[in-house]
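**Q** Take a look at the following structure, please.
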Amino acid sequence: MLKPLNITIFLFSILLANSSHSNSMLVDGNVFYTVPETGGTDDFHTGKILGFNYNYYYKPWLALTAGIFFSEEIYDEIQTDIVGTFQASIETRGLTLGIRPEYHLSEKNKIYARLDIVSYKTKLIVDEYFEPGLPTGSSNDTASGNGYSLGLGWQHSFTKKISFQLELKNQKQLDLFDGKTNADRVFDFSYTGFSIGLGYAF
Amino acid sequence: MVLISNKNLRIAATLVSTSILLLLGACDIEINNNIPDVPPEGRFIVVGANQHKDITDVQVGIAIFDDADPVNLVGGDVVQASTSNDSILLLESGFYRGSYVASLPNTSNFDQVNFLMVHEPLLARQDRWYPVDLLNIDPGAGELVGASADINLPPVPLNMSASITNFSSINDSFVLTWAAEGTGDTMRVRSAVNCTNGTANNTYGTEINIVDDSDDGSENVDLNQIIYDINSDDQIIKFLLAEARAILQELLIKLSNGAADDEFFANLVFINPIENSCEIRLFLFRHRDGSFDSTSTNGRIFGSRSADITLFYNPN
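For the record, the sequence lines run as chains G and P. According to the working numbering, the residues represented by the first sequence are 582 to 783, in order. According to the working numbering, the residues represented by the second sequence are 16 to 331, in order.
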């Protein structure tokens, strides 16, 4: 059975093969400021995810996009319970494939949406501390899977080639650790925030 | 020490309060979160369990001290309370420093409650958001694992009633009666009082000194142990402190399905009870001492069952 990412790659290939508008491409790099959330008792600090996208304009108003992203280590708040004091952190990276429809507001300004399928690899790290006299410890595991990303942005062109973009974005990484832990322990990560970046058209 | 509360996180959160000193007229009242009468040296354990009439949960709690300092249960060591049918881990922090509490289901109304220190590194972390089975840092069982204690709950006080239920003077007294069991248990009488002048409330609890604490079915109670005059220098009232306060606080919350104020017994304000209308919930506890598995264990251990009636005070 085809996974969502494979389907996207397949569709992406068909669109490229039938492309009639091949005189415009854009590469952009963005810093995504986000607070990851699982919907549980986590309380993550704001972290940064660096992303790079290649946008191929299939139509003047529609680009096919492929991207890569990777984060810094993003820390959860230190928490204490009956067992001890612990702090979780994550590092995530992955690939995106999707589309970017645009609407031109003026010669230099346009708004766009970004709809991506995401393939992620996320490392979860937990450091734990007990009472004095007991050893501290650290443990980590990595989850891989798929998800999706939705964005809404504004692009302003400084020149014909250089542009600035501001984007509101939500990335969902689905079913982390599915198959590795109990079903009731499987969770999703939601990364909500905004990104700022620069684009280069050619 | 002690007690109760179940999944209600709101309760757990509010039960962690700091010491406050309230000056009420002639009464100096210290309400803090230290369990009283803990000896300065050696290990001391306080264990309690109470089941209120018509409530199917037993409120259980435990606190452990070394040289008067609370012993935090860490690394997955946790106390398990159980009846023949059900068991529960005491995962919530109680009002008092170092105390752990839970509500143990007891729909079959068993009398025997067992406490056992176990090492459950995964279950103790069950409320964490990440998969604790994959990221488990286990320092191993602590020295207390395996220690146990038993409590035998006495019968619930039945047919509790007061000879008078409406009062107009704090000089009144009444006879409290209940169905005596005559099994050697001791009785405790406590009140939860809510006085109001229409705009402000004064809520507090009192421990009522009874001349004879034996389970004889009858006790004379003076109302001035419940309603007081903040302007009087001659107080005999004894405010509710320690584990008795914790028990009653949780009982009120449970009996009101969470509607009672978490800080009911700390809402001491300057409206004078003697001059205002007051609702009195009078609680009768039948107490029975429990036992630790090791005779060398020093501490307090008891089980109780309780019932309550409502009385009214109106000075006019």
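Glycine residues also receive a C-beta, built at the ideal position from the N, C-alpha and C atoms.
1. Could you name the residues of chain P that G/S720 contacts, counting a contact when the two beta carbons are closer than 9 Å?
2. For chain G, is any of its Cβ atoms less than 7 Å away from the one on P/V89?
3. According to the Cβ coordinates, are P/G121 and P/V73 closer than 7 Å?
4. To the nearest angstrom, how far is it from the Cα of P/F110 to the Cα of G/K704?
5. Do you know whose CA, among P/L168, P/T221, P/D52, lies nearest P/G199's CA?
6. Within 10 angstroms of its Cβ, does G/I706 collect 16 or more other Cβ (buried), or is it exposed?
7. Note down, in chain order, each residue of its chain lying with its Cβ closer than 6 Å to the Cβ of G/N611, except the 5 sequence neighbours on either side.
8. Starting from G/H626, follow the beta strand (DSSP E) in both directions and report where the run begins and ends.
9. Roughly how many angstroms separate the alpha carbons of G/A647 and G/G679, rounded to a whole number?
10. Just verifying my parser: in three-state terms, what is the DSSP assignment at P/Q264?
11. Between the region 65 to 80 of chain P and the region 136 to 150 of chain P, can you find at least three pairs of beta-carbon atoms closer than 8 Å?
12. Rounding to the nearest angstrom, what Cα-Cα distance links P/I223 and P/A156 in this structure?
13. From the DSSP output, in three-state form, read off P/L238 for me.
14. Residue range of the beta strand (DSSP E) that G/D769 falls in?
15. Let me check one thing: in DSSP terms, what residues is P/T192 bridge-paired to?
16. Quick check: G/S700 and G/T673, are their CB atoms within less than 7 Å of each other?
17. Counting only the same chain and skipping the five closest in sequence on each side, list residues whose C-beta sits under 6 Å from that of G/Y772.
18. Is the separation between the beta-carbon of P/T180 and that of P/L326 shorter than 7 Å?
19. In chain order, what residues of the same chain lie with their CB nearer than 8 Å to the CB of P/G57, ignoring the 5 residues before and after it?
20. On a CA-only basis, which of G/Y635, G/F711, G/Q736, G/R681 is nearest G/S687? Give me that one, please.
21. Cα-Cα, which of P/N246, P/W193, P/D231 is closest to P/D334?
22. Short of 7 Å in beta carbon distance, which residues of its chain neighbour G/K691, apart from the five on each side in sequence? Order them along the chain.
23. For P/L104 versus P/V93, is the C-beta distance shorter than 7 Å?
24. Start and end of the beta strand (DSSP E) containing P/N65?
25. Does chain G have any CB closer than 7 Å to the CB of P/L131?
26. Under 8 Å, with one C-beta from each stretch per pair, do the region 228 to 244 of chain P and the region 182 to 196 of chain P reach the 3-pair mark?
27. Just grab the DSSP bridge partners of P/E294 for me.
28. Any idea which residues DSSP pairs P/E107 with across the strands?
29. For G/T619, collect the residues of the same chain with a Cβ closer than 8 Å to its Cβ; drop the 5 residues on either side in sequence, then sort them by chain order.
30. Within the 7 Å Cβ cut-off, does G/S603 reach chain P?
31. Among P/Y115, P/N174, P/N287, which one has its Cα closest to the Cα of P/P185?
32. Just how far apart, CA to CA, sit P/I166 and P/N329?
**A** Straight from the coordinates:
1. L149, L150, N151, I152
2. yes
3. For the record, residue 121 of chain P in the displayed sequence is Asn; it is not Gly. P/V73 is positioned such that its CB atom lies closer than 7 Å to that of P/N121.
4. 38 Å
5. Considering only P/L168, P/T221, P/D52, the residue with the shortest C-alpha distance to P/G199 is P/L168.
6. buried
7. G632, S776, G778.
8. Where G/H626 is concerned, there is no enclosing beta strand (DSSP E), given that its DSSP letter is neither H nor E.
9. Straight across, the Cα-Cα distance linking G/A647 with G/G679 is about 7 Å.
10. helix
11. no
12. 43 Å
13. helix
14. 768 to 782
15. Paired residue(s): P/S176, P/S233.
16. No, the Cβ-Cβ distance between G/S700 and G/T673 is not below 7 Å.
17. So the qualifying residues of the chain are T615, P617, Q752.
18. It is a contact, given that the beta carbons lie within the stated cut-off.
19. Cβ within range, chain order: D81, D82, N313.
20. G/Q736
21. The structure shown does not extend to residue 334 of chain P, since chain P spans only 16 to 331, so no value can be given for it.
22. E683, Y684, H685, Q736
23. yes
24. 58 to 67
25. no
26. Short answer: they touch.
27. P/N209, P/F327
28. P/V116
29. F768, D769, F770, S771
30. The pLDDT assigned to G/S603 is 45, lower than 50, so where the model puts this residue is not dependable; a value taken from the coordinates is nonetheless given after this. Output row for G/S603: interface = no.
31. Reading off the sequence, residue 185 of chain P comes out as Ile, not Pro. The residue with the shortest Cα to Cα distance from P/I185 is P/N287.
32. Roughly 41 Å between the two C-alpha positions.
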